[in-house]
Amino acid sequence: MIFKRIIPCLDVDRGRVTRGVQFQNVRDIGDPVQYAQKYDLDGADELVFYDITASSDGRDLEMNWARNVAETVFMPLTIGGGVRTLEDCRRLHLAGADKISIDSGAVSNPNIIREASDHFGAQCVVLSMQVKRRENGSGWETFVNGGRKATGLDAIRWAVHGQELGAGELVLNSIDGDGTKAGYDVELCAEVKANVDIPIIASGGAGTLEDFYEVLTKGRADAALAASVFHFGTYSVEQVKQYLKARGVSVRLEPSV
Amino acid sequence: MPQNWRLKLGQPRVMIRAMKTLLIDYGSGNLRSCAKSLEVTGFDLQVSSEPNDAIHADALVLPGQGHFRQVMESFLDSGFEHAVRAHIQAGKPFLGICVGMQILFDSSEESEVPGLGILKGDIKKFPKTELSVPQMQWNTLEAVGESPLMQNLGSKPFAYFVHSYYAPLELGSNGAKTDYGLGFLSVVSHENVQATQFHPEKSQKTGLKMLKNFRTWAEKI
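Here's what the structure looks like:
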């Protein structure tokens with residue numbers, strides 16, 4: 068059976084959960100451990116954390132917040148943010164990441180995907196992509212640096228290359244959709260899915276329950292990731308899952324979760 | 008008089024002390040969650056990379072993730088092989104997790120390096136279908152035969168899987184099966200050897216309940 072996953076995503080800045088719109092206007096909304104516990108009880112299938120701490124001064128190299136999360140909830144944790152070297156991967160892994168998310172670092176050095184995959188196993192390596200529709204309508208382009216810098220790299224080709232390099236999963240962050248609640252980029256997901264075998268996670272744009280349904284069915288995404296709608300209580304994870312189940316999508320729903 | 012009457016009489020004494028359990032640290036990645044999950048479910052846990060520590064353990068837990076060959080090679084390099092075989096031969100409780108389960112088998116399609124051959128059979132790769140490989144999701148467990156791990160989990164418990172290779176179901180298998188395009192063995196219960204393809208330490212309350220089940224069973228044998 069396939070059970071589609073619902074994944075809350077948390078941006079962490081200097082050990083605190085934050086949320087901005089289209090990578091801007093960041094504001095502090097709470098403690099990572101409390102959020103993790105809340106989503107654990109709410110039936111989240113996994114949690115994704117991005118450490119968006121900009122300066123190395125502010126960055127907690129020991130990742131104490133991640134350690135605390137990993138010792139509090141017993142569920143799959145993906146951590147990313149500024150990963151460029153195998154040493155970065157090791158640091159996140161030891162802090163409790165089951166999967167390491169590599170984003171801009173893989174664009175400047177694709178080999179990091181292969182090294183990380185060889186070292187930790189493909190199941191541990193997530194290629195996270197920031198993707199934007201080309202204005203002329205000819206597909207999608209990969210961006211870096213919080214969606215600010217174009218790379219010229221075609222998103223579909225980059226996804227396929229990521230799989231070849233040894234990524235075990237892809238996160239497709241639609242920059243057009245991020246924080247806007249205007250819906251996932253369903254076509255992007257469907258197009259990537261048609262070209263890779265590994266699981267894909269849709270990200271960016273979740274606003275309505277219908278959005279989740281669309282991307283998991285028409286978009287063929289294996290999982291849907293969202294931040295705002297969960298953090299600000301628009302929907303609970305369980306509500307999303309109940310809705311999906313009612314519309315015939317298999318999800319994990321357990322009695323007392 | 009049954010031969011084990013002394014054990015029966017002595018049981019309250021045995022129950023008082025916690026199960027001395029060794030989580031084998033042979034460089035197979037992050038053991039933080041695994042260690043913590045065993046602690047919160049009541050094991051008296053030691054995490055060690057020293058094979059001699061295994062002698063004093065009531066139970067051994069063998070984690071593992073990544074590539075079969077690499078896991079197998081690190082395991083052999085760790086010097087734990089003799090201790091693990093002796094522990095299992097002595098009939099003591101043993102738990103293997105994920106690739107820590109797979110290397111207990113004879114071999115794997117992932118690797119030319121053979122497994123430990125403690126469990127019979129070959130680990131196979133998921134065939135190419137429309138299903139994503141690796142399987143990276145929660146999936147349901149269905150008990151097959153007798154398994155101490157599968158007690159009181161409710162109907163259709165979910166566990167978290169991450170794997171591209173699987174142990175085939177055999178006639179007479181004990182444990183649990185899971186369906187991902189085909190049915191495979193997600194839990195193996197073979198005498199004193201228990202093993203899970205999924206990660207109990209990542210499977211929320213179902214996973215923790217199974218670790219408790221392991222402890223309850225291990226305290227009795």
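Going line by line, the protein sequences match chains A and B.
My numbering puts the first residue of the first sequence at 68, with every later residue one more than the last.
My numbering puts the first residue of the second sequence at 8, with every later residue one more than the last.
C-beta atoms are modelled at their ideal positions from N, C-alpha and C, and glycine is treated no differently.
State the beta-bridge partners of residue i as determined by DSSP.
i: A:F370; result: No answer is possible for residue 370 of chain A: the residues shown for chain A start at 68 and end at 324.
i: B:H197; result: B:V200
i: B:L52; result: B:T28
i: A:R86; result: A:R94
i: B:D129; result: B:S114
i: B:W145; result: B:Y167
i: A:F187; result: Paired residues: none, contrary to the question.
i: A:G167; result: Residue identity differs from the one stated: residue 167 of chain A is Ile in this sequence, not Gly. According to DSSP, A:I167 bridges with A:I146 and A:V192.
i: B:V66; result: One detail in the question is off: residue 66 of chain B reads as Ala in this sequence, not Val. According to DSSP, B:A66 bridges with B:T28.
i: A:V335; result: Residue 335 of chain A lies beyond the stretch modelled for chain A, which goes from 68 to 324, so this question has no answer here.
Helix or strand or just coil, what does DSSP make of residue i?
i: B:F165; result: strand
i: B:P175; result: strand
i: A:A294; result: coil
i: B:H74; result: coil
i: A:A121; result: coil
i: B:F191; result: strand
i: B:S139; result: coil
i: A:T247; result: coil
i: A:V318; result: strand
i: B:S35; result: coil
i: A:A66; result: Nothing about residue 66 of chain A can be reported from this structure: the residues present for chain A run from 68 to 324 only.
i: A:A288; result: coil
i: B:A150; result: strand
i: A:S205; result: coil
i: B:L218; result: helix
i: A:D127; result: coil
i: B:F205; result: coil
i: A:I69; result: coil
i: B:N59; result: helix
i: A:V174; result: helix
i: B:A225; result: helix
i: B:S40; result: helix
i: B:M8; result: Here the model assigns B:M8 a pLDDT of 42, short of 50, so the residue's position is not dependable and the matter cannot be decided.
i: B:V21; result: The predicted position of B:V21 is uncertain, since its pLDDT is 47 and thus under 50; a value taken from the coordinates is nonetheless stated next. Reduced to three states, the DSSP call for B:V21 is helix.
i: A:Y280; result: helix
i: B:P155; result: helix
How many whole angstroms separate the CB atoms of residue i and residue j, which I take to be in contact at a CB cut-off of 8 Å?
i: A:S295; j: A:G246; result: 6 Å
i: B:S118; j: B:R76; result: 4 Å
i: A:F141; j: A:L77; result: Rounded, the Cβ-Cβ distance is 17 Å, inconsistent with contact.
i: A:I167; j: A:L159; result: 5 Å
i: A:K408; j: A:A273; result: Any property of residue 408 of chain A remains undetermined from this structure, which presents chain A solely from 68 to 324.
i: B:G152; j: B:G182; result: 7 Å
Run the CB neighbour count on residue i, radius 10 Å, all protein chains shown included, and call it buried at 16 or more, exposed below.
i: A:K216; result: exposed
i: B:T203; result: buried
i: B:R222; result: buried
i: B:P134; result: exposed
i: B:P100; result: buried
i: B:I228; result: exposed
i: A:Q190; result: buried
i: B:R92; result: exposed
i: A:S184; result: buried
i: B:K132; result: exposed
i: B:F211; result: The residue you asked about is not Phe; residue 211 of chain B is Gln in the sequence shown. By the neighbour-count rule (16 or more Cβ atoms within 10 Å), B:Q211 is buried.
i: B:D186; result: exposed
i: B:Q10; result: Here B:Q10 scores only 46 on pLDDT, less than 50, and its place in the model is too uncertain to base an answer on.
i: B:I110; result: buried
i: B:N146; result: buried
Let's see if you can read the secondary structure: which residues bound the alpha helix (DSSP H) around residue i?
i: A:P99; result: P99 to L108
i: A:A226; result: A222 to L232
i: A:T139; result: N131 to T139
i: A:V253; result: V253 to K260
i: B:R92; result: E88 to Q96
i: A:A162; result: L153 to A162
How is the beta strand (DSSP E) around residue i delimited, first residue to last?
i: B:K184; result: G182 to Y187
i: A:C76; result: R72 to D80
i: A:L239; result: E236 to S241
i: B:F101; result: F101 to I104
i: B:K209; result: Premise fails: B:K209 is in no beta strand (DSSP E) and is neither H nor E.
i: A:I267; result: I267 to S270
Could you tell me if the beta carbon of residue i falls within a distance shorter than 7 Å of some heavy atom in the ligand MG?
i: A:P177; result: Only the bare structure without any ligand can be found here, which leaves the ligand MG out of the picture.
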